[in-house]
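Enquirer:
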Amino acid sequence: MSPHRTLSIDDERPTRQWLMGRVAFEDRLPHHDGLDALWDTKWKQPCQLGLFPFNDGKYRDFEAVMQNLIEADTYGGSLEYTFAFMAPGTELSNRAQTAQADGDCALARDLYHRSAALFRVARLPHIPTFPNVTCSVKHHAWDLQKDAYLQAGQLWEDPLHEVNVPHIHRMADEGDKIPIFVRTPASACRESPVPVVILLSGLDTYRTDHTHRLKEIHMRGWAAITVDVPGVGDCPANPCDPDSADRLWDSLMDWMKDEGQFDMTAVVVWGAGIGGFYSVRIAHTHKDRILGAVAHGAGCHNFLDRDWLEQADNHDYHFGYNESMAAKFGYKSVLDFQLQAQQKFSLLKTGILDGESAPLLFINGGRDGIMPVEDSMMIIDRGAPREGRIFPSDYHMGPLGSDRSVYPWMDNIVAWRDVDVDALRLDVAAAQSHFEASADPTPIRPHM
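Quick note: our numbering has the sequence shown finishing at residue 448, numbered continuously throughout.
1) Have a look at L347 and G320 and give me their C-alpha separation to the nearest angstrom.
2) Taking only runs that begin and end inside the segment 107–171, name each unbroken beta strand (DSSP E) of 3 or more residues, in chain order.
3) Return the chain-ordered list of same chain residues with a C-beta closer than 8 angstroms to the C-beta of N302, the five sequence neighbours on each side being excluded.
4) Would you please state the rounded distance, in angstroms, between the beta carbons of D250 and P193? I believe it to be under 8 angstroms.
5) Check the C-beta distance from F180 over to I225 and give it rounded, since I have them as a contact under 8 angstroms.
6) Is H296 a contact residue of the ligand ZN, with contact defined as CB to any heavy atom under 8 angstroms?
7) State yes or no: is the C-beta of F337 within less than 9 angstroms of the C-beta of N322?
8) So what does DSSP say about G351, is it helix, strand or coil?
9) Which residues mark the beginning and the end of the beta strand (DSSP E) in which T226 is found?
10) Tell me the rounded alpha-carbon separation between P359 and L200.
11) Quick check: the Cα distance between I444 and N412, rounded to an integer number of angstroms?
12) Since F130 contacts P236 with CB under 8 angstroms, what's their CB separation in whole angstroms?
13) Contact check, A266 vs R109 under 8 angstroms by CB: the rounded distance?
14) Can you tell me whether N68 is helix, strand or coil according to DSSP?
15) Would you mind sorting R16 into buried or exposed? The rule is 16 or more other CB atoms within 10 Å of its CB.
16) Could you tell me which whole beta strand (DSSP E) segments of length 3 or greater appear in the segment 272–317?
17) Would you list, in sequence order, the uninterrupted alpha helix (DSSP H) runs of no fewer than 4 residues that lie entirely inside the segment 184–267?
18) Which value, in whole angstroms, describes the spacing of the CA atoms of P125 and E191?
19) Counting pairs of beta carbons, one from the segment 144–151 and one from the segment 109–118, are three or more of them closer than 8 angstroms?
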């Protein structure tokens with residue numbers, strides 16, 4: 001007879017089968033075995049291709065820093081790690097200032113971009129600033145990144161501008177300004193407003209990190225706004241309050257309307273990662289104020305499941321996933337976050353997901369270890385009909401180049417925004433009636 005054992009709450013938790021498969025769910029990806037493994041198995045290729053988190057940078061700028069960190073056996077995300085990237089970032093920024101003073105704006109722009117990329121990697125994995133700065137060193141790297149990126153953006157055709165939007169719908173414990181970056185085509189004005197895409201930040205992708213998307217949007221003659229979501233970057237919203245995001249978007253969209261240069265009948269929201277979570281939410285809460293929303297690598301409910309979170313530190317994220325997520329949602333303890341966040345923030349639990357929504361596009365990889373594919377399936381199954389694409393063999397956000405699935409969708413909804421669907425239906429009905437009335441009722445007999 002086996003000895004008596006008292007069951008705990010954990011003993012009674014059922015074993016769940018995740019769609020990514022048990023082996024993949026329980027697997028510990030090799031990049032978690034130290035900076036050398038992170039570089040060799042996860043970071044080197046995107047660095048060579050200029051992809052996140054190395055976008056706007058150069059491979060040679062990062063390779064030497066990473067090799068030095070690997071030789072010193074430095075822990076990813078540590079202060080030593082951060083300082084190692086800040087030094088070359090500062091050097092490139094100084095060189096950019098010199099080039100700009102000498103009138104070489106093209107060189108200065110390139111150097112500022114490279115500097116900002118180094119500062120981006122320095123501040124990983126996460127920067128919460130509200131209500132308090134949690135790490136002054138990483139926050140300083142974030143400040144340096146913003147400055148370098150804005151300097152680069154002001155040398156673009158149709159330059160990037162920083163605006164502090166009044167947060168008129170804030171609660172008393174929230175900040176009074178919403179820092180955003182704005183890029184508009186020269187033609188935009190009150191007499192000729194243009195469509196606008198609002199790019200929402202992710203857990204580690206902030207308003208400084210959307211250069212390629214800003215270029216694509218600009219090529220279409222549209223405006224773009226980049227903004228940090230609650231709990232990351234410089235967002236003034238209370239990360240502990242699920243409704244703080246709704247107040248944030250109210251303030252932002254009221255400002256946009258007052259500005260006059262944005263076509264408020266053609267507002268598209270695009271969020272990636274945790275920003276995708278807010279895209280799903282805004283598609284429901286602000287369905288009458290936006291044309292559509294893109295949820296790229298998004299979660300809505302299961303990404304906050306305790307069992308999922310307990311394993312997620314071994315999945316796709318660079319390092320420190322649970323610690324970063326807990327801070328983002330305003331929790332002081334990872335355990336409290338794992339136990340409480342789903343009940344409080346889930347779009348299913350709060351009933352938001354079952355309501356009416358604006359058109360919504362979701363995209364993700366079927367093996368996403370950060371935002372489980374179960375959430376993409378839930379987005380399909382609940383509420384209004386959606387459009388989406390799952391890449392079965394890919395990880396978080398889908399494959400490299402998955403943005404190519406987004407632009408045609410945005411082009412279509414913007415192009416069709418002025419079409420009177422009811423009138424179109426009447427035209428089709430009238431044409432059908434005309435055809436039926438004029439058709440010869442005599443049946444056609446085949447030749448024998």
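Glycine residues also receive a C-beta, built at the ideal position from the N, C-alpha and C atoms.
Expert: To lay it out plainly:
1) 24 angstroms
2) 161–166
3) W308, P372, E374, D375 and M378
4) With 8 angstroms as the limit, D250 and P193 do not qualify as a contact, their Cβ atoms being about 20 angstroms apart.
5) Per the sequence shown, the amino acid found at residue 180 is Ile instead of Phe. So it is a contact: roughly 5 angstroms between Cβ atoms.
6) This structure simply doesn't include the ligand ZN, nor any ligand for that matter.
7) yes
8) coil
9) A223 to V227
10) 17 angstroms
11) Unreliable placement is indicated for I444, whose pLDDT of 41 sits below 50; the coordinate value is still reported in the next sentence. If you take the alpha carbons of I444 and N412, they lie about 41 angstroms apart.
12) 6 angstroms
13) With a Cβ gap of about 29 angstroms, A266 and R109 do not count as contacting.
14) helix
15) exposed
16) 292–296
17) 211–219 and 244–259
18) 43 angstroms
19) yes
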